[in-house]
Amino acid sequence: MAEEKKTTRKKIQAADTMNKIMSDYFYELNDAATTGKRKVAWCTSVGPAELLQALGFAVHFPENHAAMLGATRMSTDLIPAANAIGYSPDICSYLTADIGAYLKGITPLAKAYPGIQSVPKPDVLVYNTNQCRDVQDWMAWYSKKLGVPAIGVTSPKNVNEVTDAHIDDVTRQIEALVPTLEGIAGVKLDMARLRETVNLSRECTELWKQVLETAKASPAPLTFFDGTIHMGPAVVLRGTQRAVDYYKVLLAELEQRIRDGVGAVDGETSRIYWEGMPVWGRLRQHSELFANLKSTVLASTYCSSWIFPSFDGNDPIRSMAKAYLELFIVRSDRYKEEYIKEMIGKFRIDGIIYHDAKTCPYNSNSRYGLPGRVEADTGVPSLVISGDLNDLRCISDEQTKTNVEAFIEQIAEGR
Amino acid sequence: MKTPVFVGIDIGSSRTKVAVIDADRRLLGHSVRKSGTNFSATASTCLGESLETAGARREEIVHAVSTGYGRTNVDFVAAKSKTEIGCLSRWGRDRFSEAITIIDIGGQDNKVIKLDGEGRRASFKMNRKCAAGTGAFLEEMSLRLDIPLEAMDALARESTEMVKLGSYCTVFSATEVLENIRHGKKVPDIVKGLFYSVIKRVLEMDSHDGQVVMTGGVVAHNPYIVEMAGEMAGRPVVLPEYPQLAGAIGAALYALDETDPIGVRNQISAGETHG
Ligand code: SF4
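If you read the protein sequences in the order shown, they are chains A and B. Under the numbering used here, think of the first position of the first sequence as 15, with each following residue one higher. Under the numbering used here, think of the first position of the second sequence as 3, with each following residue one higher.
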């Protein structure tokens, strides 16, 4: 039989610590919702989480929940329930999976965390359309269903340079949320607490950036697939000391790997950049596919989306506005091209894989000729794979495998 | 005296192809069969047939490489398998000395592969998930029209007024075909329209640099498609000898590459083999 080599993934020791932090977070959320001790806010991934934390809300992130539905491969069975009530299979499969789960009364939290029966019931839904309009529709559905207000920020799109006018606009919109949120929380916004929260987010961001940048080493001590898991605290616990403490532990472990010359992939021969969403239901498979080819997918736009250099406790709301506007997904193609080129240089990338996610055009940057332009400027080859974040019906595993294997062969032979 | 031979096995979703070459890269024998459901058994049968046409024996196989959809299902290939994109490129590098674009129409997927003047792979693209423009599309239509696949080429050549089909989608195309039958269109005109739609889909996949070459089972049995492609592209398109075997020959070339050439030469002179 022609060999199919098997590779086991190298475990990151800090994962146990992370699992504990995530578990505490979900139990606290559940406690808040079931006892009513704290108010619960739902927030989009790069919505004004700092404001919500400072006002004492327990914060649930529907996108995180949707990613869990994807990673546990529950989503493909749930999406049709949302399709049946009028949400097209062509729109965000985070949205359709999450709403489908609600309709069917299912959550992966119940399985992972005994005692939790459902997602925490919200008191308010808060969005920022900096990523896409889908999040607004998503919150609007729950708002109607659960009878809670959905409020948020409408961000400009295709921003080339983030100007003062953009920042003024979003600052005003965040400020306008405050009275409503104070009313729901039953407390006045304490600016000192907001400053502290923003500073903690900033610290979290800096550590997360250092974690991701350990992949500049050869061999790289962590992969994109590890990153998608370990970014959990940066997503859901931004603005807390716990997230900061966690990344110190993780960073120390990765720095030790570098000192020991330990790579995430044994015998790394090529270094790949991943542009776009992960395929949540295929993380393990994709990680093994690349590892078997001695190829490390070591950097990505996606994991780097939780780096916000602009957070500044001295000017909390305005700096939040700036940070949310600087997000890659909000930016123009001109900006995105420059960004990717910079990443290619920084991480010494041999090839780029663009994941064209069927249901997320906003995170699929392969549709308007960008790969060709980046390739022409850098000479670094690229490959576009068709897939999806959550809807496994949009995926051909065999085609993905052949494409990736042929791409790595091409890189090897190009040398 | 025993002759060292090198074998390429291309197990596609639809057909299995085996090519046997010698150390001078000459094609000695080959075989093509439906892949069926038992890939390993089909590969074994094809290997037997191709060795027979080559006048070679199993013991004379120095090395074999497998490729294609079922590339990991071959139990007599000890070494690693290669992707069909890699094997088609290897074949192209061997046969052409200029920059080429290989357009391969397979049973379930199409590929456009570009090689630069040095034979290095510059880029490749596979079709997206749907079957538009693939062999599976023509098979589906031959069923709908109740015309054997082998009869299509001759029928298409009889067309006087080609019917144009617009859709991306195989199912929608089938509806369009039925609609044309209802409107009394002639079968040859519909068949030519099907060919046209296949070519259009593959030509649309990428730009074409250098000499365009078409490979795969579809063009092997329907050379008219290559003629039409040339007309549509406004430039000559090459139909090589054995278009269906290109991937298998590429795999055999890899098998030869992976063998120590001095060892092979010694074997030739000493008349020895190892298997
Ligand atoms: S950016 Fe994409 S994945 Fe995220 S919420 Fe919007 S559509 Fe869904």
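Every residue, glycine too, gets a C-beta built ideally from N, C-alpha and C. If you're wondering where the values come from, they're calculated on a predicted model, not measured in any experiment.
Nearest-angstrom beta carbon gap, residue j and residue i [assumed within contact, 8 angstroms]
| i | j | result |
| --- | --- | --- |
| Asp204 (chain A) | Ala68 (chain A) | 7 angstroms |
| Glu419 (chain A) | Thr85 (chain B) | 5 angstroms |
| Lys51 (chain A) | Asp45 (chain A) | 7 angstroms |
| Met245 (chain A) | Glu64 (chain A) | At roughly 17 angstroms, the Cβ-Cβ gap does not stay under 8 angstroms, so Met245 (chain A) and Glu64 (chain A) are not in contact. |
| Pro245 (chain B) | Ala222 (chain B) | 4 angstroms |
| Thr228 (chain A) | Leu236 (chain A) | 6 angstroms |
| Tyr226 (chain B) | Arg159 (chain B) | 6 angstroms |
| Ile366 (chain A) | Ser396 (chain A) | 4 angstroms |
Closer than 8 angstroms to chain B by CB, residue i
| i | result |
| --- | --- |
| Glu427 (chain A) | yes |
| Pro103 (chain A) | no |
| Gln27 (chain A) | no |
| Gln224 (chain A) | no |
| Ala16 (chain A) | With a pLDDT of 44 at Ala16 (chain A), under the threshold of 50, the predicted position of this residue should be treated as unreliable, and no value is reported. |
| Ala420 (chain A) | yes |
| Pro395 (chain A) | yes |
Through-space distance from residue j to residue i, alpha-carbon basis
| i | j | result |
| --- | --- | --- |
| Lys187 (chain B) | Val193 (chain B) | 11 angstroms |
| Glu189 (chain A) | Leu92 (chain A) | 37 angstroms |
| Phe71 (chain A) | Ala98 (chain A) | 33 angstroms |
| Ile120 (chain A) | Gly219 (chain B) | 48 angstroms |
| Asn75 (chain B) | Ala253 (chain B) | 15 angstroms |
| Val228 (chain B) | Val240 (chain B) | 8 angstroms |
| Leu191 (chain A) | Ala426 (chain A) | 53 angstroms |
| Glu163 (chain B) | Pro190 (chain B) | 9 angstroms |
| Pro136 (chain A) | Pro94 (chain A) | 24 angstroms |
| Ile251 (chain B) | Asp148 (chain B) | 34 angstroms |
| Glu152 (chain B) | Glu412 (chain A) | 29 angstroms |
| Arg73 (chain B) | Ser83 (chain B) | 6 angstroms |
| Lys36 (chain B) | Ser16 (chain B) | 6 angstroms |
| Met128 (chain B) | Ser410 (chain A) | 12 angstroms |
| Lys230 (chain A) | Arg285 (chain A) | 10 angstroms |
| Gly121 (chain B) | Glu54 (chain B) | 32 angstroms |
| Asn306 (chain A) | Ala134 (chain B) | 32 angstroms |
| Val311 (chain A) | Pro6 (chain B) | 41 angstroms |
| Phe40 (chain A) | Leu123 (chain A) | 8 angstroms |
| Asp112 (chain A) | Thr373 (chain A) | 14 angstroms |
| Ser232 (chain A) | Met153 (chain A) | 43 angstroms |
| Leu247 (chain B) | Cys317 (chain A) | 44 angstroms |
Neighbour flag for residue i against chain A, beta carbons, 8 angstroms
| i | result |
| --- | --- |
| Gly14 (chain B) | no |
| Ser52 (chain B) | no |
| Tyr71 (chain B) | yes |
| Phe126 (chain B) | yes |
| Asp191 (chain B) | no |
| Asp24 (chain B) | no |
| Ala272 (chain B) | With a pLDDT of 47 at Ala272 (chain B), under the threshold of 50, the predicted position of this residue should be treated as unreliable, though the coordinate-derived value follows. Answer no: the Cβ-Cβ gap between Ala272 (chain B) and chain A never drops below 8 angstroms. |
| Asp148 (chain B) | no |
Coarse secondary structure for residue i, derived from DSSP in three states
| i | result |
| --- | --- |
| Met15 (chain A) | Confidence at Met15 (chain A) is low in this model, with a pLDDT of 42, below 50, so the placement of that residue should be treated as unreliable; the coordinate-derived value is given next. Note: Met15 (chain A) maps to coil in three-state DSSP. |
| Leu29 (chain B) | strand |
| Trp320 (chain A) | coil |
| Pro342 (chain A) | The question names Pro, but residue 342 (chain A) is Phe in the sequence shown. Three-state result, Phe342 (chain A): helix. |
| Asn142 (chain A) | strand |
| Ser144 (chain B) | helix |
| Thr177 (chain B) | helix |
| Asp148 (chain A) | helix |
| Ser125 (chain B) | strand |
| Thr162 (chain B) | coil |
| Val64 (chain B) | strand |
| Ser89 (chain A) | helix |
| Leu3 (chain A) | Residue numbering for chain A in the displayed model covers 15 to 429; residue 3 (chain A) lies beyond these limits and cannot be assessed. |
| Lys84 (chain B) | coil |
| Tyr349 (chain A) | helix |
| His180 (chain A) | helix |
Cross-chain neighbours of residue i in chain B, by beta carbon under 9 angstroms
| i | result |
| --- | --- |
| Glu423 (chain A) | Lys84, Thr85, Ile87, Gly88, Ser91 and Arg123 |
| Glu210 (chain A) | Chain B residues near Glu210 (chain A): none, gap ~49 angstroms exceeds 9 angstroms. |
| Ala371 (chain A) | The premise fails here: Ala371 (chain A) is roughly 13 angstroms from chain B at the closest Cβ pair, so nothing lies under 9 angstroms. |
Closer than 8 angstroms at the beta carbon, the chain B residues around residue i
| i | result |
| --- | --- |
| Gln299 (chain A) | The premise fails here: Gln299 (chain A) is roughly 15 angstroms from chain B at the closest Cβ pair, so nothing lies under 8 angstroms. |
| Gln9 (chain A) | Residue 9 (chain A) lies beyond the stretch modelled for chain A, which goes from 15 to 429, so this question has no answer here. |
| Glu289 (chain A) | In chain order: nothing, as chain B lies at least about 16 angstroms away. |
| Pro247 (chain A) | Under the 8 angstroms cutoff, chain B gives no residues; its nearest Cβ is about 36 angstroms from Pro247 (chain A). |
Residue i: contacting residues in chain B (beta-carbon distance under 7 angstroms)
| i | result |
| --- | --- |
| Asn417 (chain A) | Met128 |
Per-residue contacts from residue i into chain A (C-beta, under 8 angstroms)
| i | result |
| --- | --- |
| Asp96 (chain B) | The premise fails here: Asp96 (chain B) is roughly 14 angstroms from chain A at the closest Cβ pair, so nothing lies under 8 angstroms. |
Chain A residues whose Cβ lies nearer than 9 angstroms to that of residue i
| i | result |
| --- | --- |
| Asp259 (chain B) | Per Cβ cutoff of 9 angstroms: no residues; Asp259 (chain B) is ~11 angstroms from chain A at best. |
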